[in-house]
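FYI, the numbering for the sequence shown is -1 to 208, going by my numbering. What follows is a set of notes on a single structure, which appears directly below.
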Amino acid sequence: MSWDSFFIFFVTTAVVCLTPGPAALLVVAQGMSNGFRRSYWAIAGIAVGNAIYFALSATGVAALIVASATLFSVIKWVGVVYLFYLGISAIRSKASALTVTGDASQATGGLRAFWQAMVVELSNPKALLYFVALLPQFIDPAQPVGRQLLIFGITCIGLDTAAYSLYAWLGSKTQRFTANTRFVTASNRTAGALLMLAGALMATVKRAAH
């Protein structure tokens, strides 16, 4: 693995991590409801979800999933349904990791936020496609594959953590507005609409051609 290859992988992965999506919305909501530090439960959930997809890609299992129309469709439609469920819940201000609230005692955090964040990330087939399509391009078969995968894996998780920490920090900066009922309602409705839009876009994702 050359430094040029690593740099391209680093920049590409950083851009993907920073691109807004359902996981970013979740972390922003966590920052607004729970503050920056308590958002790390959700950030950890997203990182674990990506680590699972990375491990599957490294072992070739993800490629098999993508190659199977049935398995890929199951993952995709579970993700679509889950995003719509979260979107409707946010619009109706039902408690979830994606719902903004000004009452810290009602905010979803801890392990519940961790699991919801991980499910949101795992239900996104774009992450699966990304690792299957990208990772093999940077592996040098002439060098120890295990060491390269370890470096790429650590880099991916590190960039994930940094990107979503930024989103959580930005969300926490608006925490003082959560005392305003109108602001909370508008935030939840906007988040809900964006989640359902993400679900609709996810429904159009197709598996890679083989």
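From the three backbone atoms N, C-alpha and C, an ideal C-beta is built for every residue, glycine too. This one's a predicted model, so the numbers in the text were calculated from it and none came from an experiment.
Under the assumption that residue i contacts residue j (Cβ atoms under 8 Å), give the Cβ distance between them as a whole number of angstroms.
| i | j | result |
| --- | --- | --- |
| residue 40 | residue 159 | That belief does not hold up - the Cβ atoms of residue 40 and residue 159 are roughly 11 Å apart, past 8 Å. |
| residue 165 | residue 22 | 5 Å |
| residue 162 | residue 25 | 5 Å |
| residue 170 | residue 19 | About 19 Å separates the two Cβ atoms, so there is no contact after all. |
| residue 7 | residue 136 | 5 Å |
Could you spell out the range, first to last residue, of the alpha helix (DSSP H) harbouring residue i?
| i | result |
| --- | --- |
| residue 2 | 1 to 16 |
| residue 159 | 143 to 170 |
| residue 50 | 38 to 57 |
| residue 108 | 108 to 120 |
| residue 22 | 20 to 32 |
Please determine, among the options, the residue with the shortest C-alpha to C-alpha distance to residue i.
| i | options | result |
| --- | --- | --- |
| residue 152 | 33, 56, 19 and 20 | 56 |
| residue 34 | 191, 187, 172 and 199 | 172 |
| residue 42 | 5, 6 and 119 | 119 |
| residue 117 | 11, 51, 198 and 154 | 51 |
| residue 4 | 154, 199 and 198 | 154 |
| residue 74 | 138, 48 and 121 | 121 |
| residue 31 | 195, 6 and 168 | 168 |
| residue 111 | 47, 195 and 69 | 47 |
| residue 38 | 16, 109, 53 and 190 | 109 |
| residue 49 | 125, 19 and 0 | 125 |
| residue 27 | 136, 114, 140 and 1 | 114 |
| residue 1 | 12, 194, 138 and 69 | 138 |
| residue 11 | 150, 187 and 141 | 150 |
Taking Cβ positions only, does residue i come closer than 8 Å to chain D?
| i | result |
| --- | --- |
| residue 118 | In summary, chain D is missing from the structure at hand, where a single protein chain is found. |
Looking at residue i and the ligand FAD, is the gap between the Cβ and the nearest heavy atom below 7 Å?
| i | result |
| --- | --- |
| residue 4 | Summarising the ligand content, the structure contains no ligands, and the ligand FAD is consequently not present. |
I want to know whether the stretch 77 to 88 touches the stretch 147 to 158 - three or more CB-CB distances under 8 Å. no
Inter-stretch contact at 8 Å, needing at least 3 Cβ pairs: the stretch 70 to 81 / the stretch 146 to 154: Not touching, per the Cβ criterion.
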